[in-house]
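Student: Could you have a look at this structure, given as structure tokens, before my questions?
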Amino acid sequence: MPPTALHPEPAGTLPGVPVVDITATGPGRTPIQQVMKLMRTHGPVLVRRLHGREALFVADADLVAELADEERFAKHVGPALENVREFTADGLFTAYDDEPNWAKAHDILMPAFALGSMRTYHPVMLRVARRLIDSWDRAARAGLPVDVPEDMTRMTLDTIGLAGFGYDFGSFGREEPHPFVESMVRCLEWSMTRLARTPGQDHSAADAAFRRDADHLARVVDDVIAARTGTDQSGADDLLGLMLSAPHPADGTTLDAQNIRNQVITFLIAGHETTSGAMSFALYHLAKHPAVLRLVQREADALWGDAPDPEPTYDDIGRLTYTRQVLNEALRLWPTAAAFSRHAREDTLLGGRIPLRAGQAVTVLAPMLHRQPVWGDNPELFDPERFTAEAEAARPVHAFKPFGTGERACIGRQFALHEATMLLALLVHRYRLHDHAGYRLSVKETLTLKPEGLTLVLTPRTPADRVHAPL
């Protein structure tokens with residue numbers, strides 16, 4: 058069962074915490090950015106009231122460090138994730154802590170993200186990266202702009218489909234996004250906009266449309282599973298192979314058919330949607346910061362020289378330290394999974410001053426956590442030097458939270474970071490990036506974040522481009 062929700066409280070019951078009522082305007086289509094704006098005015102701890110319902114938001118680094126304490130706090134499946142549960146149920150991301158399938162699936166699927174498995178995914182990631190590069194080469198020859206978020210979505214969907222499930226969505230063979238993506242986006246938008254509904258209004262048409270989309274997701278996933286069912290999975294070490302056949306190490310039981318469906322939907326969504334956003338933001342920042350772009354290109358050129366089609370090894374990606382810094386800095390400013398919630402395991406005081414009842418929820422707003430004073434005097438500045446080894450060692454460990462926290466943090470984060478680092482390096486090694494339209498950042502929210510409408514024009518780099526003066 059879900060833990061006790063945050064009950065409406067009269068203003069002033071949380072000492073020193075401002076209460077902001079947004080009922081008159083609602084959260085609109087950018088609720089994350091709305092709370093960011095409220096925090097810039099009212100500070101990093103506030104209560105947002107909507108139609109009498111109150112939610113406590115926190116971005117203070119010291120309080121987030123407390124919330125990361127697994128002894129005192131646990132993951133909270135709040136209203137947004139309750140909506141996502143309508144189509145993922147007890148998948149890893151939306152399961153309640155006390156649902157048996159959470160721990161069971163977590164234990165069974167952990168080997169899919171061990172080093173040995175990650176090495177087997179690498180050539181699949183590279184294969185799909187070649188599809189993207191072929192598509193971008195055609196656009197470059199024609200002088201046409203590329204739609205960055207759309208193509209990153211194609212790339213990451215095909216990657217998780219092939220690497221995790223042996224299923225080819227063939228996204229680059231389509232003019233339009235894959236129907237799975239279109240249904241997924243609408244389901245996520247429904248999950249977000251449902252939070253802002255005015256009580257008493259009729260939403261039956263929107264709910265019926267959502268149900269059609271959710272049913273489509275389930276049908277696609279059933280096709281993915283059917284393509285493997287009936288074959289010998291005993292040696293399969295990808296996600297679907299483990300789901301279908303791996304016994305739990307403690308009791309020998311396997312996942313049931315309904316939970317397998319829920320897990321596949323979860324991984325297909327979480328395994329591509331957030332990664333595509335992270336890569337899109339990184340490319341946006343590189344296009345806007347030519348000095349940083351040159352440093353990333355220098356790193357890739359040092360590794361692969363003038364090879365027109367380099368074949369990066371798995372170990373090469375670990376050597377791309379500055380490229381990883383760029384990706385981390387993009388995730389700092391715009392973490393694509395922008396919020397996560399925790400609830401108190403028992404009555405407690407947060408920060409020694411904010412009383413919380415057992416089960417009461419607190420939502421951590423990662424973009425504002427990542428703009429707190431611990432990040433320096435100019436946190437809005439894009440600066441990958443924040444992620445040198447020395448800078449990271451000097452910073453509190455819980456100041457950077459793009460993947461959630463604790464045992465419920467993103468299980469696939471190393472998969473995502475490996476994929477994104479490799480692709481960024483391949484792209485900057487091959488292309489000059491031209492911000493042909495003078496793009497102004499517009500962040501689209503569908504529970505996750507992406508730079509809406511970002512397009513770039515590409516030109517091939519030449520051998521002369523890959524010759525660098527000594528630093």
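Per my numbering, residue 58 is the first one in the sequence shown, and the count goes up by one each step. Cβ coordinates follow ideal geometry from the N, Cα and C atoms, glycine included. Keep in mind that this is a model prediction, so the values were computed, not measured.
Spell out the partners DSSP gives LYS501 in its beta bridges.
Tutor: Answer is LYS507.
Student: Shortest alpha-carbon distance to ASP270 belongs to which of THR216, GLY257, GLU239 and LEU299?
Tutor: Of the listed residues, the one whose Cα sits closest to ASP270 is GLU239.
Student: Below 8 Å, is the gap between the Cβ of LEU343 and the nearest heavy atom of the ligand FAD?
Tutor: The ligand FAD is absent from the structure shown, which contains no ligand whatsoever.
Student: Within a Cβ cutoff of 7 Å, which residues of the same chain sit near HIS400, ignoring the five residues on either side of it in sequence?
Tutor: Cβ within range, chain order: PRO60, PHE130, ALA131, HIS133, GLY416, GLN417 and ALA418.
Student: For LEU120, tell me which candidate among VAL431, LYS501, ILE322 and HIS493 has the shortest Cα-Cα distance.
Tutor: The residue with the shortest Cα to Cα distance from LEU120 is VAL431.
Student: So, at 7 Å on beta carbons, what are the nonlocal neighbours of LEU274 in its own chain, with the 5 sequence-adjacent residues on each side left out?
Tutor: Correct list, in chain order: PHE144, PHE237, SER240, MET241, CYS244 and ILE322.
Student: When the distance is taken between beta carbons, is LEU483 closer than 9 Å to VAL383?
Tutor: It is not a contact, given that the beta carbons lie outside the stated cut-off.
Student: Just to confirm before moving on: does the CB-CB distance between ILE165 and THR311 stay below 9 Å?
Tutor: Cβ atoms of ILE165 and THR311: closer than 9 Å.
Student: Straight-line CA distance for HIS475 to ARG106?
Tutor: HIS475 and ARG106: Cα-Cα distance of roughly 40 Å.
Student: Grab the span of the alpha helix (DSSP H) containing ALA344 for me, first residue to last.
Tutor: First-last of the alpha helix (DSSP H) with ALA344: 330-345.
Student: Going by CA-CA distance only, name the one from ALA112, MET167, LEU172 and ARG254 that's closest to THR82.
Tutor: Checking every option, the nearest Cα to that of THR82 belongs to ARG254.
Student: Would you please state the rounded distance, in angstroms, between the beta carbons of PHE457 and ALA466? I believe it to be under 8 Å.
Tutor: The Cβ separation is near 12 Å, so there is no contact.
Student: Which residues in the same chain as ARG489 place their Cβ atom closer than 8 Å to its Cβ, once the five residues preceding and following it in sequence are excluded?
Tutor: These residues qualify, in order along the chain: LEU515, THR516, PRO517, ARG518 and ASP522.
Student: May I have the straight-line CA-CA distance separating LEU513 from ALA197, to the nearest angstrom?
Tutor: Cα to Cα, the separation comes out at about 10 Å.
Student: Spatial neighbours of ASP208 within its chain, please: CB distance less than 7 Å, with the 5 preceding and 5 following residues excluded, ordered by chain position.
Tutor: Excluding residues within five positions, the ones whose Cβ falls inside 7 Å are LEU189 and SER192.
Student: What residue from THR505, PRO84 and GLU127 has the CA that sits closest to HIS455's CA?
Tutor: Among THR505, PRO84 and GLU127, the Cα nearest to that of HIS455 is on GLU127.
Student: Counting only the same chain and skipping the five closest in sequence on each side, list residues whose C-beta sits under 7 Å from that of SER28.
Tutor: Past the edges of the chain, shown from 58 to 528, lies residue 28, and the structure says nothing about it.
Student: Report the residue ranges of all alpha helix (DSSP H) runs contained in full by the stretch 393-428; include only those spanning at least 4 residues, in chain order.
Tutor: Counting only runs of 4 or more, we get 423-426.
Student: Specify, as a first and last residue, the run of the beta strand (DSSP E) that THR512 falls within.
Tutor: First-last of the beta strand (DSSP E) with THR512: 512-517.
Student: What are the boundary residues of the alpha helix (DSSP H) that PHE144 is part of?
Tutor: That run of the alpha helix (DSSP H) goes 136-145.
Student: Please work out which residues of its chain come closer than 6 Å, Cβ to Cβ, to ARG414, disregarding the five sequence neighbours upstream and downstream, and give them in chain order.
Tutor: These residues qualify, in order along the chain: ASP404.
Student: Would the beta-carbon of LEU285 fall within 9 Å of that of GLY298?
Tutor: Strictly speaking, residue 285 in this sequence is Arg, with Leu absent from that position. Cβ distance < 9 Å, so ARG285 and GLY298 count as in contact.
Student: Buried or exposed: which applies to PRO369, given that a residue is buried once 16 or more other Cβ atoms fall within 10 Å of its Cβ?
Tutor: It counts as buried.
Student: Which of helix, strand or coil does DSSP assign to LEU390?
Tutor: It is helical.
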